[in-house]
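Data block below; observations after.
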Amino acid sequence: MIEAFKGEKRVHIVDFDINQGNQYITLIQTLANQGGKLPYLRLTGVDDPESVQRPNGGLVMIGLRLEQLAEALKVPFEFHTVASTTSLVSPSMLDCRPGEALIVNFAFQLHHMPDESVSTVNERDQLLRMVKSLNPKLVTVVEQDVNTNTTPFLPRFVEAYNYYSAVYESLDVTLPRESQDRINVERQCLARDIVNVVACEGKERIERYEVAGKWRARMTMAGFMPRVMGPNVVDMIRKLIKEYCDRYTLKEEMSALHFGWEDKSLIFASAWR
0 MIEAFKGEKR VHIVDFDINQ GNQYITLIQT LANQGGKLPY LRLTGVDDPE SVQRPNGGLV
60 MIGLRLEQLA EALKVPFEFH TVASTTSLVS PSMLDCRPGE ALIVNFAFQL HHMPDESVST
120 VNERDQLLRM VKSLNPKLVT VVEQDVNTNT TPFLPRFVEA YNYYSAVYES LDVTLPRESQ
180 DRINVERQCL ARDIVNVVAC EGKERIERYE VAGKWRARMT MAGFMPRVMG PNVVDMIRKL
240 IKEYCDRYTL KEEMSALHFG WEDKSLIFAS AWR
């Protein structure tokens with residue numbers, strides 16, 4: 000994302016799932032360390048009251064923390080929230096302005112949107128087309144690399160079992176089972192997701208993951224073109240994950256990065272324009 004700032008005086012980031020905002024703490028610190036004349040950064044977070052990932056109290060406290068950090072580091076910054084369900088977000092709500100480079104971030108968010116297998120409205124592709132109409136400089140997509148969307152129960156169960164077995168194996172290396180952080184992750188995230196994937200059908204199943212190839216097709220149909228990540232970025236990420244365990248893997252495939260455990264791809268990240 001930081002590469003998209005080059006040559007820009009004003010940058011507007013729209014994030015459909017800020018979560019705890021830690022990624023923007025890192026971004027603001029990185030900008031401050033660059034020195035020189037810094038671009039003006041405007042961050043808009045979609046505060047979906049129906050999201051299972053919504054922080055307690057919404058995004059107000061997260062925005063305040065980021066504003067205080069930016070002020071201390073002398074990074075020109077402003078924060079806004081859009082209180083709306085994701086499917087109802089419209090261009091006017093995002094307040095995109097002339098002269099700004101627009102960056103849109105979808106991190107573990109798109110799979111919550113119903114697609115054509117659930118609704119004729121197909122909110123998943125509809126959202127992508129809306130974002131494309133804004134002419135963004137960069138769109139980032141991070142998703143689980145597994146199909147739990149359209150498969151019947153038995154193959155879906157097998158897919159989920161194999162996927163989450165690898166996830167739990169990777170956790171064993173980085174977090175002891177008695178670790179409170181691991182307990183929180185298992186109870187608040189993994190357990191809920193697994194139950195939803197396996198036990199729910201129709202609109203009640205909101206954890207509808209798709210493989211990287213399917214997301215690539217959706218992005219292409221919406222009019223996006225893949226953006227190749229710079230070698231410096233890839234090398235830095237590869238170095239970071241190797242510091243945890245050499246059983247973690249990072250592979251480049253069709254302009255996307257696949258993060259995995261041994262021979263199992265778990266998460267992929269891609270950039271688009």
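First residue of the sequence shown? That's 0 in numbering that gives the first Met the number 0, and the numbers climb one at a time after it.
Glycine residues also receive a C-beta, built at the ideal position from the N, C-alpha and C atoms.
Residue ranges of each alpha helix (DSSP H) run of no fewer than 4 residues wholly in the segment 32-91, ordered along the chain? If we require 4 residues or more, the alpha helix (DSSP H) runs fully inside the segment 32-91 come out as 59-71.
Could you tell me which of S116, F4, M235 and H110 sits nearest to D16, measuring between CA atoms? Looking at the Cα atoms, H110 is the closest of the given residues.
Strictly by DSSP, which residues pair up with F105? BP columns for F105 point to V140.
Within a Cβ cutoff of 7 Å, which residues of the same chain sit near E158, ignoring the five residues on either side of it in sequence? Excluding its 5 nearest sequence neighbours in each direction, E158 has C-beta neighbours in its own chain below 7 Å: V145, N146, T147 and T150, listed in chain order.
Identify the continuous beta strand (DSSP E) that holds F267 and give its terminal residues. Element bounds for F267: K263 to W271.
Please determine, among I61, E70, A255 and G222, the residue with the shortest C-alpha to C-alpha distance to N18. Sorting I61, E70, A255 and G222 by C-alpha distance to the C-alpha of N18 places I61 at the top.
Any idea which residues DSSP pairs P175 with across the strands? For P175, which the question treats as bridged, DSSP gives no partner whatsoever.
What does Y247 pair with, by DSSP beta-bridge criteria? In the DSSP output, where bridge partners are listed per residue, Y247 has W260.
With a threshold of 8 Å on Cβ separation, who are the neighbours of S300 within its own chain once the five nearest residues in sequence on each side are excluded? Since the first residue of the chain shown is 0 and the last is 272, residue 300 is not available in this structure.
Buried/exposed call for A190, threshold 16 Cβ in 10 Å: Flag for A190 reads exposed.
Applying the criterion that 16 or more other CB atoms from any shown protein chain within 10 Å of the CB defines a buried residue, is T139 buried or exposed? Looking at its Cβ environment, which holds 16 or more other Cβ atoms inside 10 Å, T139 is buried.
In the structure shown, what three-state DSSP assignment does I12 receive? In the structure shown, I12 sits in a strand (DSSP, three-state: E or B).
Return the CA-CA distance between R275 and C188, expressed in angstroms with no decimal places. The requested residue 275 is not part of the displayed model; the chain covers only 0 to 272.
Would you call G20 buried or exposed, if buried means 16 or more other Cβ atoms sit within 10 Å of its Cβ? That one is buried.
Just tell me which of R204, Q22, P135 and L170 has its CA closest to the CA of R155. R204 is the residue among R204, Q22, P135 and L170 whose C-alpha sits nearest the C-alpha of R155.
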